[in-house]
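Undergrad:
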Amino acid sequence: MPERIDKLLSATGRWSRKEVRDLIRQGRVLVEGRPVQRPEEKCDPTASIQVDGQTVDCSPFVYLMLHKPAGLLSATKDARQKTVLDLLPDHLRRRGLFPVGRLDKDTVGLLLLTDDGALAHSLLSPKRHVDKVYLARVDGWVDQDDCQALAAGLVLGDGTHCLPAGLKPLGDGSACLITLQEGKYHQVKRMLAARGKPVLALKRLSMGPLTLDEGLEPGAWRLLTGAELASLRATVSGG
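Numbering-wise, the sequence shown is residues -5 to 233 according to my numbering.
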């Protein structure tokens, strides 16, 4: 649906509405190669929009894949500690992005950041059964008894009931893959601790069809590709 050009550009977080009006007045904003004459002109968000010769993405939502490093909170803000949003440029932080689900401060790996609340809600809903896969290294060795216990659904010491989860030992069993369909507080660590195998290191590898791009260094991020976004939407829509 067409929107005012000043609204579209200011919504990217790069400029205020007043700054956009100044850019338009100076002839620095083009839509499909044509200089915009008035701030109230409307155009489709998918149109080719340029400012100072640089293409600007005016899509209504942003979807980022982040390789979360250790030491940062999976939160939008914190008065005392740095969060994953501190890794982003100012214009993206101003868009109101948030992490889809949380990783512990010392847990690393795949984290999806977006401002699309509907998609985030669907991905996190237990009813959707969206798998999250983690690589864990434990103090000890995971065995078949542990696999069977998680597959049956653990009840933790505080009475928390966990849905059946997948557990696959790797190598000598000090490393393993854990597959969850939910995201309770510190769940992987609590489940393995309940089996006497405390977690030493934890990394999320995937969420549904979205797999961590190992080309991303810890702390780096990129936009999702069209294919990645389409696969996420298909997952939550049942397609």
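Even for Gly, the Cβ is constructed at its ideal location relative to N, Cα and C. On a predicted model such as this, the values are computed, not experimentally measured, just so you know.
Please identify the residue among V30, R11, E26 whose C-alpha is closest to the C-alpha of Q20.
TA: Taking the first residue of the sequence shown as position 1, residue 20 is located at position 26. The shortest C-alpha separation from Q20 is found at V30.
Undergrad: Give every residue of the same chain whose Cβ lies closer than 8 Å to the Cβ of K183, excluding the five residues on either side of it in the sequence, and list them in chain order.
TA: Mapped onto the sequence shown, residue 183 falls at position 189. Answer for K183: D98, P192, V193, L196, listed in chain order.
Undergrad: Using a Cβ-Cβ cutoff of less than 7 Å, which residues in the same chain neighbour L105 once the five nearest sequence positions on both sides are dropped?
TA: In the sequence shown, residue 105 corresponds to position 111, counting from 1. Result list for L105: L60, K62, S68, V78, P93, L97, in chain order.
Undergrad: Leaving out the 5 sequence neighbours to the left and right, which residues in its chain are closer than 8 Å to L36 when beta-carbon positions are compared?
TA: Indexing the sequence shown from 1 puts residue 36 at position 42. Residue identity check: residue 36 is Lys in the sequence provided, not Leu. The answer, listed in chain order, is P(-4), E(-3), R(-2), I(-1).
Undergrad: Rounded to the nearest angstrom, how far is the Cβ of L113 from that of L91, given a contact under 8 Å?
TA: Here residue 113 corresponds to residue number 119 of the sequence shown, with the count starting at 1. Here residue 91 corresponds to residue number 97 of the sequence shown, with the count starting at 1. L113 to L91, Cβ: 13 Å. No contact.
Undergrad: Does DSSP classify H123 as helix, strand or coil?
TA: Counting from one through the sequence shown, the residue named residue 123 turns up at place 129. Coil, per DSSP.
Undergrad: Between the region 145 to 154 and the region 202 to 209, do at least 3 Cβ pairs fall closer than 8 Å?
TA: Touching, no, given that fewer than three Cβ pairs across the two stretches are closer than 8 Å.
Undergrad: Is the Cβ-Cβ distance between R74 and A143 less than 8 Å?
TA: One-based indexing of the sequence shown puts residue 74 at position 80. One-based indexing of the sequence shown puts residue 143 at position 149. No. Outside cutoff.
Undergrad: I'd like to check one pair, R89 with D109: are the Cβ atoms closer than 8 Å?
TA: Along the sequence shown, read from residue 1 onward, the residue named residue 109 stands at position 115. Along the sequence shown, read from residue 1 onward, the residue named residue 89 stands at position 95. Yes, they are a contact pair.
Undergrad: Return yes when the Cβ of A169 is within less than 8 Å of the Cβ of A130, no when it is not.
TA: Along the sequence shown, one-based indexing puts residue 130 at 136. Along the sequence shown, one-based indexing puts residue 169 at 175. Cβ distance < 8 Å, so A130 and A169 count as in contact.
Undergrad: Taking only heavy atoms of the ligand FMN into account, decide whether any of them is closer than 7 Å to the Cβ of V127.
TA: Because no ligand of any kind appears in the structure shown, any question about the ligand FMN cannot be addressed here.
Undergrad: Taking 8 Å as the limit between beta carbons, can you name the residues of its chain near R22, skipping five residues before and five after?
TA: Translated into the one-based positions of the sequence shown, residue 22 becomes position 28. The residues are V45, D46.
Undergrad: Under DSSP, the beta strand (DSSP E) around A169 begins and ends at which residues?
TA: The residue given as residue 169 occupies position 175 in the sequence shown. First-last of the beta strand (DSSP E) with A169: 169 to 174.
Undergrad: Distance, Cα to Cα, I18 vs D125?
TA: Start at 1 with the first residue of the sequence shown, and residue 18 comes out as number 24. Start at 1 with the first residue of the sequence shown, and residue 125 comes out as number 131. Cα to Cα, the separation comes out at about 47 Å.
Undergrad: Which word fits S10, buried or exposed, when buried means at least 16 other C-beta atoms lie within 10 angstroms of its C-beta?
TA: Translated into positions along the sequence shown, residue 10 becomes position 16. Exposed is the call here.
Undergrad: Ends of the alpha helix (DSSP H) at M201?
TA: In the sequence shown, counting from the first residue as 1, residue 201 sits at position 207. Segment 193 to 201 is the beta strand (DSSP E) holding M201; no alpha helix (DSSP H) there.
Undergrad: Going by alpha carbons, who is nearest to H85 out of P212, G213, V50?
TA: On the sequence shown, residue 85 is found 91 positions in, with the first residue counted as 1. For the residues P212, G213, V50, the minimum Cα distance to H85 belongs to V50.
Undergrad: With distances taken from CA atoms, which of L161, T6, K1, L117 is nearest R32?
TA: As a first step, residue 32 must be located in the sequence shown, where it is residue number 38. Per the Cα distances, K1.
Undergrad: Tell me whether the beta-carbon of A145 lies closer than 8 Å to the beta-carbon of P163.
TA: Translated into positions along the sequence shown, residue 145 becomes position 151. Translated into positions along the sequence shown, residue 163 becomes position 169. No, Cβ-Cβ distance for A145 and P163 is not below 8 Å.
Undergrad: For R216, does the three-state DSSP call read helix, strand or coil?
TA: For the purposes of this step, residue 216 is identified with residue 222 of the sequence shown, where counting begins at 1. R216: strand per DSSP, three-state reduction.
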